[in-house]
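Asks: Here the sequence shown stands for residues 0 to 260, numbered as in numbering that gives the first Met the number 0.
Glycine included, each C-beta is placed from N, C-alpha and C at the ideal position.
I have a structure here, written as structure tokens, and I will follow up with some questions on it.
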Amino acid sequence: MSKAKTKNASENMVSEMVEEIVEDDVKIKQGPKIPKPTDPKWVEYVLDQLADHELISGAPTTDGLRRVTEKVFGEIVESDTEILEVPKLAFSGKASAKHTLRIRKYDNTREGAAKWDMGDDLITVSACVDVLGERLPSPFNQHLVSTACTRAEGKALRRALKIRVQTAEELANSEDDDGKTLKEPINDQQIVAIKTMCKRNNVDLIKFVRSYPNSDKVESIREVKNLEGRLMINKLSSFQREGTPEEFVGYNDNWEEEFGV
């Protein structure tokens, strides 16, 4: 083979390698955009990372938030609970706990490119909770200290992730306490739960909400009552187990523009 042909073959090989590298680079750059904690879509992104078993009636579990924190936000390098108050009586009294997290943040809030910020990459977050035995259902009222510890950790994880959605453990209250809110308007926690579960189950949110007798003429999801919000969440949980009925299939990402919050 002549020197000219050898040179041309080498140049072609180098050119093909460069093209492959450029194509790979373009693919990486065109990947899905990951929101930052300051973006409006951040909460939705975090909840989307949870597995179905890490959501109870649309609320994230503490275990789920712990896993997702290390997946999208940073490495938990320290997780410690301090008991501030121990109940004096069984099934009643008060238990208080403080949970502290130290997290080494990922530089771009995702695990895939695990480069560390060289500056202030370690953050410390603490949260305290009180639990009252008379306001807890069984069996939680038999384990006040452990319940306080779990709730404190969940609250600290929420604070680190900058999400307002309460954990499933934080929402476990007695029936008497829950009954006081039934006639109140739907709350933010319920709206987020309905939105998350409709998205997961491919449910037309507006059509689903208006299928309820007392909500058939509402102009906004905020006009729904707390009680109906709970019924909707329970029904969506059944869709998760049994499948979405054909009449409700079709989640619309832009539902808030028409049915706004």
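My assumption, with CB atoms under 8 Å, is that A126 sits in contact with K154. Please give the rounded CB distance.
Replies: Start at 1 with the first residue of the sequence shown, and residue 126 comes out as number 127. Start at 1 with the first residue of the sequence shown, and residue 154 comes out as number 155. Right, their Cβ atoms sit about 4 Å apart.
Asks: Whole-angstrom Cβ separation of A171 and L135, contact assumed at under 8 Å?
Replies: Numbered from 1 along the sequence shown, position 172 holds the residue referred to as residue 171. Numbered from 1 along the sequence shown, position 136 holds the residue referred to as residue 135. Their Cβ separation, rounded to whole angstroms, is 7 Å, which keeps A171 and L135 in contact under 8 Å.
Asks: K97 lies in the alpha helix (DSSP H); which residues open and close that run?
Replies: By one-based count along the sequence shown, residue 97 stands at place 98. Here K97 belongs to no alpha helix (DSSP H); instead the beta strand (DSSP E) covers 93 to 104.
Asks: Counting only the same chain and skipping the five closest in sequence on each side, list residues whose C-beta sits under 8 Å from that of V208.
Replies: Translated into the one-based positions of the sequence shown, residue 208 becomes position 209. I193, S214, V217, I220, V223, M231, F258, listed in sequence order.
Asks: Please report the distance separating the alpha-carbon of S78 from that of T149.
Replies: Residue numbering aside, residue 78 sits at position 79 when the sequence shown is read from its first letter. Residue numbering aside, residue 149 sits at position 150 when the sequence shown is read from its first letter. Each residue's Cα considered, the two are about 12 Å apart.
Asks: What's the C-alpha gap between D129 and E256?
Replies: Here the question's residue 129 lines up with position 130 in the sequence shown. Here the question's residue 256 lines up with position 257 in the sequence shown. In a straight line, the C-alpha of D129 is about 39 Å away from that of E256.
Asks: Work out the CA separation of T99 and A113 for me, nearest whole Å.
Replies: Position 114 of the sequence shown, counted from the first residue, corresponds to residue 113. Position 100 of the sequence shown, counted from the first residue, corresponds to residue 99. Note on A113: pLDDT 49, under 50, position unreliable in the model; no value is reported.
Asks: Within its chain, find whatever has a CB closer than 6 Å to the CB of P36; leave out the 5 residues flanking it on each side and keep chain order.
Replies: Translated into the one-based positions of the sequence shown, residue 36 becomes position 37. K161, listed in sequence order.
Asks: Assuming A126 is part of the beta strand (DSSP E), what are its boundary residues?
Replies: The count along the sequence shown starts at 1 and reaches residue 126 at position 127. Looking at the DSSP string, the run of the beta strand (DSSP E) that includes A126 is 121 to 131.
Asks: Do you know offhand how far P212's Cα is from E227's?
Replies: Residue numbering aside, residue 212 sits at position 213 when the sequence shown is read from its first letter. Residue numbering aside, residue 227 sits at position 228 when the sequence shown is read from its first letter. For P212 and E227, the distance between alpha carbons rounds to 9 Å.
Asks: Should Q141 go down as buried or exposed, given a rule of 16 or more other Cβ atoms within 10 Å for buried?
Replies: Here residue 141 refers to the residue found at position 142 of the sequence shown. Result: exposed.
Asks: State the Cα-Cα distance for the pair F247 and I55, rounded to the nearest angstrom.
Replies: Here residue 247 is taken as the residue at index 248 of the sequence shown, counted from 1. Here residue 55 is taken as the residue at index 56 of the sequence shown, counted from 1. If I take the Cα positions, the gap works out to 21 Å.
Asks: Assuming I232 is part of the alpha helix (DSSP H), what are its boundary residues?
Replies: Here residue 232 refers to the residue found at position 233 when the sequence shown is read from its first residue. Note, I232: alpha helix (DSSP H), 225 to 241.
Asks: For A50, count neighbouring Cβ atoms within 10 angstroms of its own Cβ and tell me buried if that reaches 16, exposed if not.
Replies: As a working mapping, residue 50 is identified with position 51 in the sequence shown. Counting Cβ neighbours within 10 Å, A50 comes out exposed, since fewer than 16 surround it.
Asks: Which whole-angstrom value describes the C-beta separation of N200 and Q165, a residue pair presumed to lie in contact below a C-beta threshold of 8 Å?
Replies: If you number the sequence shown from 1, residue 200 lands on position 201. If you number the sequence shown from 1, residue 165 lands on position 166. About 21 Å; that fails the 8 Å criterion.
Asks: Tell me, please, which residues DSSP counts as bridged to G73.
Replies: Walking along the sequence shown from the start, residue 73 turns up at place 74. Looking at the DSSP assignment, G73 forms a beta bridge with K104.
Asks: Going residue by residue through the stretch 190 to 222, where are the continuous alpha helix (DSSP H) segments of at least 4 residues, counting only ones entirely within it?
Replies: With a minimum length of 4 residues, the continuous alpha helix (DSSP H) runs that stay inside the stretch 190 to 222 are 204 to 208.
Asks: Should G242 go down as buried or exposed, given a rule of 16 or more other Cβ atoms within 10 Å for buried?
Replies: On the sequence shown, residue 242 is found 243 positions in, with the first residue counted as 1. Exposed is the call here.
Asks: Expressed to the nearest angstrom, what Euclidean distance is found between the alpha-carbon atoms of Q48 and V67?
Replies: Here residue 48 refers to the residue found at position 49 when the sequence shown is read from its first residue. Here residue 67 refers to the residue found at position 68 when the sequence shown is read from its first residue. Cα-Cα distance, rounded: 6 Å.
Asks: Looking only at its own chain, which residues have a Cβ that is under 6 Å from the Cβ of G63, when we skip the five neighbours before and after it?
Replies: On the sequence shown, position 64 is the one that residue 63 refers to. So the list reads L49, E53, once near-sequence residues are dropped.
Asks: Can you tell me whether R163 is buried or exposed? The criterion is at least 16 other CB atoms within 10 Å of its CB, across all chains shown.
Replies: Locating residue 163 in the sequence shown gives position 164, where the first residue counts as 1. By the neighbour-count rule (16 or more Cβ atoms within 10 Å), R163 is not buried but exposed.
Asks: Just how far apart, CA to CA, sit D106 and G132?
Replies: The sequence position of residue 106 within the sequence shown is 107, counting from 1. The sequence position of residue 132 within the sequence shown is 133, counting from 1. Their Cα atoms are separated by approximately 42 Å.
Asks: Looking only at its own chain, which residues have a Cβ that is under 6 Å from the Cβ of N233, when we skip the five neighbours before and after it?
Replies: Here residue 233 refers to the residue found at position 234 of the sequence shown. Here the set comprises nothing.
Asks: Give me the Cα-Cα distance between K93 and P138, rounded to the nearest whole angstrom.
Replies: In the sequence shown, the residue the question calls residue 93 occupies position 94. In the sequence shown, the residue the question calls residue 138 occupies position 139. About 16 Å.
Asks: Who are the near neighbours of D203 in its chain, counting only those whose CB is closer than 6 Å to its CB and skipping five residues on each side?
Replies: Here residue 203 refers to the residue found at position 204 when the sequence shown is read from its first residue. The answer, listed in chain order, is F247, G249.
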